[in-house]
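Q:
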Amino acid sequence: MVIKTDLCHYTEYRIYPGHGQKSVAKDGKVSFFISAKADSLFHQRIKPVKLRWTQAWRRMNKKGKTDENTKKKTRKAQKFQKAIVGMSLDDLKKKKATLVCFRL
Numbered sequence: 061m062v063i064k065t066d067l068c069h070y071t072e073y074r075i076y077p078g079h080g081q082k083s084v085a086k087d088g089k090v091s092f093f094i095s096a097k098a099d100s101l102f103h104q105r106i107k108p109v110k111l112r113w114t115q116a117w118r119r120m121n122k123k124g125k126t127d128e129n130t131k132k133k134t135r136k137a138q139k140f141q142k143a144i145v146g147m148s149l150d151d152l153k154k155k156k157a158t159l160v161c162f163r164l
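The sequence shown begins at 61 in this note's numbering and counts up one residue at a time.
As structure tokens, then:
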């Protein structure tokens, strides 16, 4: 059986049946609040982003669940040759071009 839940307009927590309170504004907009605390803070016009316990703050500060599908790209080190003391780059390339059995 599926239980119909609402979201708190301020904290974004789930509100189960029999809990919370509705608030209707003059323009007819209905807001659901999980507690009197959330209702009071909403009517004081305190932004939920500024309160650490709200979901809005957690989303803004990148807390909680992270997207596991996205991986950070790692840069692969690029190979390039440099000349060694006593041997130029051209000499190194010639030596590398010869077969292994002739080098030994």
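No residue lacks a Cβ here, since even glycine has one placed at the ideal position from N, Cα and C. Here the structure is a predicted model, which is why all the values come from computation and not from measurement.
1. Does the region 98 to 110 come close enough to the region 63 to 73 that 3 or more CB-CB pairs lie under 8 Å?
2. With respect to the beta strand (DSSP E) encompassing Gln81, which residues constitute its N-terminal and C-terminal limits?
3. Helix, strand or coil for Phe162, going by three-state DSSP, please let me know.
4. Using a Cβ-Cβ cutoff of less than 7 Å, which residues in the same chain neighbour Ala157 once the five nearest sequence positions on both sides are dropped?
5. Assign Arg135 to one of three DSSP states: helix, strand, or coil.
6. Report the rounded CA-to-CA distance for Met147 versus Phe140, giving the unit in angstroms.
7. Could you tell me which of Val90, Lys131, Thr65 and Ala85 sits nearest to Gly78, measuring between CA atoms?
8. In the DSSP assignment, what are the bridge partners of Val90?
9. Classify Gly124: buried if its beta carbon has 16 or more other beta carbons within 10 angstroms, exposed otherwise.
A: Concretely, from the data shown:
1. Enough Cβ pairs lie closer than 8 Å, so yes.
2. Residues Gln81 to Val84.
3. Helix at Phe162.
4. There are no such residues.
5. If DSSP states are grouped into helix, strand and coil, Arg135 belongs with coil.
6. As the crow flies, the alpha-carbon of Met147 is around 16 Å from that of Phe140.
7. The residue with the shortest Cα to Cα distance from Gly78 is Thr65.
8. Val84, per the DSSP bridge assignment.
9. Note on Gly124: under 16 other CB atoms within 10 angstroms of its CB, so exposed under the neighbour-count rule.
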